Amino acid sequence: MPRPQIYLALFLAATLLAGEAAAHNGGPDFGAARSAGRSPQGAGAAESLGRLLGNVPTGSRLEARLWADAADGRLDSFKLAEAALIAGGVNDEQALAHDRELFAQWSAAIKGLDRPSDPLRRRAAVVLVYLHDKILTGGYRLEATDLARVFDRREFNCVSATVMYLALSAEIGLPAVAIELPTHACCRVETASDAFDVETTCRRWFEIIDDPIARAAVQRRVAGPQGGAAASRRTISTVELLAVIYYNQGVELIGRHADAAAVDANLNALRLDPAHDGAERNLWVAVNNSALDRCREGQFAEAADALGRARRAVPDHPTLKHNELYVYQQWALTLCRENRYGEALGVIDAGLKMQPAQPVLTAYRRAVQTRLGGEGGAGVKK
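If you want it as structure tokens, here you go:
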């Protein structure tokens, strides 16, 4: 006759997190707020996090060269367009050579149009109009962060348009930098005598740049109501702009429930920009959701290990802590349903080692201990 199961009143629900996604038509939500609990930052922080999470870098040979080149915070061996293509997934030397030749043609064209003696705004406008008339002809696509979409289909979003504007500006010595906002990216051109933003997704930008009402309307459309707030602006380097490409990949992967790949993407973003809060937040989103997938598949040890590793980096992260408890709970319940009470007790003790004196697990332990004692043994003391 089968023995009755243990039923407990205490029960936890798993918390599934949603990755940061597009909040406005302007583009992916980069995220500007600081995380409540942060992992260590600085040089090598992403590699340390990767080792802690058991993550082995899986980048291509080209990507490894890119990471080595960007390790000092600047690009020396690669031009920006090449680097962005590699970050976006181009991993074949022949494909990169083809795209490099195409960019060389665009570079020659913009050099032919540029007049170094012209006013700064006129030179900047020439780059923007050429970019839209000859390159970005496939239309705006929210998901078109990867530069291959520009080269292959002429599609763009604010990130890829900003990359291309910077890349062409560098060819003629135009002093442009990238600006990151919570829901948008754009450029700024600045010298001692003049300074202005460039909305790289708007071909008519220089026609309205001196009209504050029209300019504000464009900025609201592309960045959202709060996206252009001065307090949330951040000037970023070309290497940090590459991090945004990886971050956006992570957003898309989380949206497709490809959480293991999203872990890689967000670690790559942090490798290039350790201060990118959105990438760190979404790293833990991906780790959390991947662990819960394993839990649902009955891979409890793997799920508990993943969450335990993550909590070593961010011990106070509330969702990771909650779901670590949930995994141990489900693991123990599954063993109890199979009448494997001794193993269940071991799992509960492992959970209590991770979260000492946790009341739910303590209650579970008492119930299992009572069950074992009721089967003719003396019970297990603790």
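For the sequence shown, the positions run 7 to 388 when the numbering used here is used. Where is the CB? At the ideal position from N, CA and C, for every residue including glycine. Since we're looking at a predicted model, the values are computed, not measured.
Listed in chain order, the non-local C-beta contacts of R315 below 7 Å within the same chain comprise L58, L59, G60, local neighbours out to five positions each way being set aside.
When secondary structure is reduced to three states using DSSP, F202 falls in the strand class.
Here H104 carries a helix assignment [DSSP, helix/strand/coil]. The three-state secondary structure of R371, taken from DSSP, is helix. Of all C-beta pairs linking the stretch 164–175 to the stretch 190–197, three or more are shorter than 8 Å, placing the two stretches in contact. Taking C-beta atoms as the reference points, V320 and A292 fail to come closer than 9 Å. A distance below 7 Å between beta-carbons, with the five flanking residues on each side excluded, links L119 to the following residues of its chain, in chain order: V132, Y136. Distance from the CA of D216 to the CA of L248, rounded to the nearest whole angstrom, comes to 31 Å. Between V183 and E205, the gap from beta carbon to beta carbon reaches 9 Å or more. By DSSP's assignment, V195 forms a beta bridge with A182, F202.
Counting the other CB atoms within 10 Å of its CB gives D105 a total of 16 or more, which places it among the buried residues. Counting C-beta atoms within 10 angstroms of its own C-beta, S175 has 16 or more neighbours from the protein chains shown and is therefore classed as buried.
E177 counts as buried, since no fewer than 16 other beta carbons sit within 10 angstroms of its beta carbon. The beta carbons of L259 and W290 sit no closer together than 9 Å. Closest option to K140, judged by alpha-carbon separation, among A363, W112, I354: W112. Closest option to L108, judged by alpha-carbon separation, among R71, E213, D158: D158. For I242, the enclosing beta strand (DSSP E) stretches over residues 240–242.
A straight line joining the alpha-carbon of G379 with that of A350 spans about 14 Å. Counting along the chain, N288 sits inside the alpha helix (DSSP H) bounded by residues 283–302. By a beta-carbon distance limit of 8 Å, A103 does not contact A173. Their separation comes to about 17 Å.
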